[in-house]
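Below is one structure, written out as structure tokens; comments come after it.
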């Protein structure tokens, strides 16, 4: 799937339109990073966040503690835009720090909703950074408001903050445990107090969270690529339902925070989200994706001359497809590395032309060829339709679309922003109808079994995944009120 | 070759250092774009410059004419930073426009030197945008100064402006011809007057310049990828020594501006500069580079398990090497797409660690393997050394470096900024010594003959190239005073 | 007193220092503005805030409501910096709005503490804008935290928000009344809900708050100059302890919120804070200050040749002194109108020289003269010392300092930021000692009786004032814990 | 005259208008400052420019030399905006510097036209900073262009640069002398080379230029207030037609550059431009203006209750009028010190209301009174009309306008931007008609004789002035082509 999926062209009421194209279209989430025990904790966190930048480009923030006070800096934009002054990092003094990159899953996109959030309370100052989504945040927020609580943001992280502070427990750890036993969903949560760093993962382990070691320091991060970037060693996954608490002297303690349920890590991390150089649940993302491509070639062969992948996220799968099928892999689409998130579009350029700013087909490679175009997924289908048209325009004789995951048909309720279900091209459509919609000569998706097999072939084990977006089998029950939410999300013109 | 070559870490005198890493290290040039006859000429030029952004990220500018007056906007930074307001483009009214992206080859990096340059004179208002370098700009500038001319910039484009204005010729075309017959070097030059767009290419055709067609409009650009981006058709190369003049009604006229010498297009455009989706001299860059990889595999085979390319510029060559050698191609280095040109580096992170922010090796792919690492060129060698170390650290058993061009040993004097000859790792070093310098188990370069054969295999013809950087055979004689210039360029600390 | 009191020269650790000079030195507070019923409520509020800019230059913010939802924009800096785009104001839709300009009295200076504050709760969305200080905010905050409340800011306004939301009352008005009966201090508070604008003033009326009328709309503001600026008519003072509620159809209701105590408006508003063109408690500030100057001339005559006032705030008093004494008034100090809040200071310039950037004595006027220098107050004394030296340097034969208010000896606990008691030059010093400290030939302050008489001569009545900063007679008892606060405030290096 | 004369309300095509109000309306010029011999020359120049900020708020720039190379920084905006980073000043190394603040008199308002201008030539690098206007710049520019010169800006300073460089003279001094003998007009010119600072004043001394001494350093500035600000001593006026050259060791040489004509310093400097604390031609501006007010009271007495001055520029004259007439001086108009140059204006606010943002009448002072309103001049009359209306609205019974200079009827061609002659309210109107136009009960101007007498009373001598704007007696003949220029300047909509 193209990293810059559908180009939403919000034409302004004057002559030049601004084309906004969210980096990952309707599919986004967040990334977290934390470190305990480093004299430049904020600086290391800054680099960790750069490594996790693909998980959220909307806002970035860091909170550090020197053992006595918490200091925060956050802002809208990329990590390097928010932290563009050495003086800014200098102010974030201390040996403990947590950081966050965000793409909104709950709450609208503005500074008030940027994370971490920092609160003062009877438990002292607390900062929270959260990747995921609580399915019952709304009713709990209602209950808390009924009890007199006030909210400054619209993110569910603030609900967690209230629950933690209200817990009448001796220790912060017990309070956190008390709090998360009242909520349900998928989450990876970091909590910073004056002298502790706490990390918790949801009982199904839906959202990723990992533990690493940098010299004498403990680090936690959404993905192992952040460890590589700061020079840390991967230690292990935080277990589903586990709470890790790191305190004075770097002492680390593990507790069962929530009774662990069956592990159900999010499959979409393996398909698209995580960086190809990250390891999740013991496997490397690039390798898994290549294997998915191989499996796809076995399940859905094609009579074709070349295999092309949509850059950047589908290159791994495309090379796997090529190797297995024996059809030569070719670089057929060139991506402009300098396209900013927004750019100005002359009104006379057709909207389709906007895609050409980002991706250019290599006519000499494509002309007269029967092309297998491998993408990792199709969400709204708009980009796929444009891509097929682009290839045909560049002379492709046939375009056979192959998707290295099953049809994406259901909203995610655990932290991925695809709740506008009605926009999903596969929602209520058979594969043939989708093929017609995007204009390909043929279209095949990888089967659910094939996908699991591809991951399993690497994990040497039969552990489960959250496959809700493909199968509607939700590991955490979705409450009634979410229907309302999904409905709201689906209304027209809401962005 | 890595796009972000050597990381120059200019440590500031306070705690956090700023790591500046010029996108293409010591090798850069410029890009030009022009259009005649479009109601949104500046808007189209804006998109054309985005397509040419890889040719210069230091400054960007556009001048437009509505037939009566020229208006200009230029600034430091990327195209999208300089043109981030629709109102800015709105002010650039008119149906003719030229644009420029720059990385300094002459003159220091500041706004005064950004292009296009705009002057008022007895020939009216003129704007000039220039890619290339004049070898005799300095003595001519001295002569002009002796005659009383004053200069506001330090770019050689201003020398051309003076020569054109001083030419006592009837027409602007004749004046341009008179001017360029007084200079020598490699250049692609666009000139905009109130009602004309003129394009000229040097007599050897060293720097690229092409003609395209967008509906009824003529477009000119450094590379054909800009035509694809704006939806224009490639028409032909501007011929060496040719002047094209487009005026009222879109009438285009061709003249021989300088007696054409043997065509000697710059080989380094084929190796590294031009975007893989561009066509130059009838061949596609990706295809040429892949063929160079194939030829390299034939010339310098390796006993190895996998082939890896340095992203992004060496992927084409690496896949060619893999296909020819039969050794599997693998994605072994993951590039962070969000690294800005400058970022803050905590002082405790070793400098080598800075590379990890940009490139992360895939341990699972590399571990225990004998690796062929394909790069398109080595300039200073620093990045190569770090890359080899990175691969070893990730478990590579052996690292065999293969370069898809010959050793880069001589300064370019025609528009590529590698005049700090002493920094070239291949200057005065045999290949064995370079291999030791970068720490590889083996090192091989593509031969000059192999390189020409690779290009020729695609061009079906034996035409020549400028190979001065490899062979010191300079098609345009380099003046005495350039030694001085090279010497100055080589002094320490001038960054 | 000079508007730009003592120049705090925070020298940076590199060659050029940055001289920060807060516009009113250690004495500052806030301003509030609100409007109900105007289609451009945010725009009117914007202009109202510009008129109140002298009350706070640190941050500015506006919240508007269209009857259904509240939208907010706030930021650090002057009103015109925060609202520098028409688009920003366009987003603040609705017919009701409140705005705030701030100089920190509680909480540190950062965006989180900027006002208005906006919260979501069981009472819907509420925005609060507050000028003043609660003496018991800390223990109440402690109690609320004990009960599980969390705080996102360090301003006492958030304490009020909690109390209002927690009140188990039917109406918002009753909730506000319930809340403010739990707190003590000096305050002028505006509250905005989806469909109401509520204004409350503390029971002593310490902080100013006034009601005005703009066509069919109601407006409220700290000072009447804001009414003049937006073209509104002054209606009346909000009474001490009164709550005004404006709702649907512009219906306004008045309630007694707190049992009104003796009216004790802050005398320092009359001496320095309020703009000279504002009316407070029925009198014009310029007229009052001129009368204070007259009274001062009667109490403390001087043998002198000319009278000079410190621009801008002391001009009124100086002209009064001159008229009463018969000594000619002269313009002796010229103020540079373009001095920004921060500027760069070459290291070789002595710190005293920084004052010369701001104020230049008129040698021709001063030379050889015996000068009466009238200032409205002395806080830290540093600027006075520099001014006396400046006049002597310009040739003054004698400098007789006359202050149109009594010695400022005690911290304000009702909204003026002078809690660093130890910095007050008059704290624990007799007038003679102060005179020696500042180097004047003579020094006299206006007596408390004279000051009251001056105001009274205009008010035709003997109503009381808060004179705590002069007499230590605090109308609202100051709690124990404030000592702690004062202590903290007094520690070194907390800048 | 109000510093912020007529509010030009350029309504944008969307809901909120932007009100731009140039600080001094149609009347502006420039300021220059230079220093030789100080280790922080750029820093001192920075402070000198802050002192001269009232002479130009459009752009600011400094060029420094360390004896070998010139470095420059300039930008649009106030001095403190352009130089807001210590690092910027740090880069301007050297012991010699010149600086400039600009309001455009020739050339449009953009960065290309900001000064100083810096050129490279056979005479090395030269920087020029210029206050004034050449009446024959256009024909000379035409001639230079005919000879092949090219121009990068539209300011006449570049014409001077060409003339200096073209002069075939041994020394820079001789070249400057050769150049300025070819031009005519009013000018104060600073020229910086690698090792020299040269200052020249026009033969009539129309524009001011003064010499001062700071320790061992020489300083030159447009006004003496800049000397006071940097702690320098005033030495003397640069004589009309004199060239001062300061070189190695601080050696200063004086030459007659142009045969000095009768001294005719610009009278408008005395009336309005120069800061009240500056001395020009031996007299203090405040004192002169006060004397003008006295003379005006003698010439044009009024039956009135109070005298009010328009802040800030007319306060001196108003106090003089009050003292002489015996009518009490009152502060009747309060100016908002925080009004930025541009602000957003809600569309429903009438344009007149914009003035209220800036000036607020003191009703308690004005109500029921017969008011003498003293202003230093009337240019377009719009502000005067609004002011009279404002005073009547505030209850003034009668408004008697008194202007402390004669009617301003003719364009200045020597550096003051009032060439839009048709906008001058006094052009072709008798005083009675002007009175009706502005709506005052009576209107009187100071006579030319009275004005000269007022200045003379202080200068003890009968030297002449340039009075062209009042009398059309132009000391330097205005060329034919200037009519064209004036015509162009007068065309509508050229804002």
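Chains as they are written, first to last, in our numbering: chain E, 409 to 903; chain Z, 409 to 903; chain R, 409 to 903; chain C, 409 to 903. Even for Gly, the Cβ is constructed at its ideal location relative to N, Cα and C. Computed from a predicted structure; not experimentally measured.
- The residue among 677(R), 673(R), 669(R) and 609(R) with its C-alpha nearest the C-alpha of residue 646(R) is 609(R).
- Contact annotation: the region 539 to 546 of chain E touches the region 554 to 573 of chain E, with at least three C-beta pairs closer than 8 Å.
- Separation of residue 445(C) and residue 768(R) (C-alpha to C-alpha, rounded to the nearest whole angstrom) is 25 Å.
- The closest CA to that of residue 480(Z), considering only 671(Z), 454(Z) and 839(Z), is found on 454(Z).
- For the region 685 to 708 of chain Z, the set of residues with a beta-carbon nearer than 7 Å to any beta-carbon of chain E comprises 685, 692, 694 and 695, in chain order.
- Listed in chain order, the positions of the region 626 to 657 of chain R with a beta carbon within less than 9 Å of a beta carbon of chain C are 633, 636, 637, 638 and 639.
- DSSP places residue 582(E) in no beta strand (DSSP E) but in the uninterrupted alpha helix (DSSP H) bounded by 580 to 588.
- Under a criterion of Cβ atoms nearer than 9 Å, the residues of chain E adjacent to residue 683(Z) are, in order, 742, 744 and 768.
- The beta carbons of residue 789(E) and residue 845(E) sit closer together than 7 Å.
- For residue 481(E), the enclosing beta strand (DSSP E) has its first and last residue at 478 to 484.
- Taking all protein chains shown into account, residue 448(C) has 16 or more neighbouring C-beta atoms within 10 Å of its C-beta and is therefore buried.
- Classified as buried, residue 738(Z) has 16 or more neighbouring CB atoms from the shown chains inside 10 Å of its CB.
- Relative to the Cα of residue 643(R), the nearest Cα in the group 624(R), 666(R) and 619(R) belongs to 619(R).
- Per DSSP, the continuous beta strand (DSSP E) segment holding residue 621(R) begins and ends at 618 to 622.
- Taking the Cβ atoms as the reference, residue 673(R) lies roughly 16 Å from residue 438(R), outside the contact range of under 8 Å.
- When Cβ pairs closer than 8 Å are counted between the two stretches, the region 569 to 584 of chain Z is seen to touch the region 527 to 537 of chain Z, the count reaching three or more.
- DSSP, read as helix, strand or coil, puts residue 873(E) in coil.
- Beta-bridge partners assigned by DSSP to residue 674(E): 874(E).
- Here the C-alpha atom of residue 663(C) lies approximately 5 Å from the C-alpha atom of residue 651(C).
- When CB distances to chain E are screened at a threshold of 9 Å, the residues of the region 452 to 464 of chain Z falling below it are 452, 454, 455, 458, 459, 461 and 462, in chain order.
- Under the 8 Å Cβ criterion, the region 704 to 719 of chain Z counts as touching the region 842 to 856 of chain Z, having at least three qualifying pairs.
- DSSP, reduced to helix, strand and coil, places residue 792(R) within a helical segment of the structure shown.
- Sorting 701(E), 583(E), 538(E) and 686(E) by C-alpha distance to the C-alpha of residue 556(R) places 583(E) at the top.
- Apart from sequence neighbours up to five positions away, the residues of its chain that approach residue 778(C) with a beta-carbon distance below 6 Å are 712, 713, 805 and 806, ordered along the chain.
- When only Cα atoms are considered, residue 773(R) and residue 744(C) end up about 27 Å apart.
- At a cut-off of 7 Å between C-beta atoms, residue 492(E) does not count as an interface residue with respect to chain R.
- Residue burial annotation: residue 719(C) is buried, with at least 16 other C-beta atoms found within 10 angstroms of its C-beta.
- For residue 627(E), DSSP records a beta bridge to 443(E) and 620(E).
- Cβ-Cβ distances below 7 Å link residue 624(R) to 445 and 658 in the same chain, with the five nearest sequence neighbours on each side left out; the list follows chain order.
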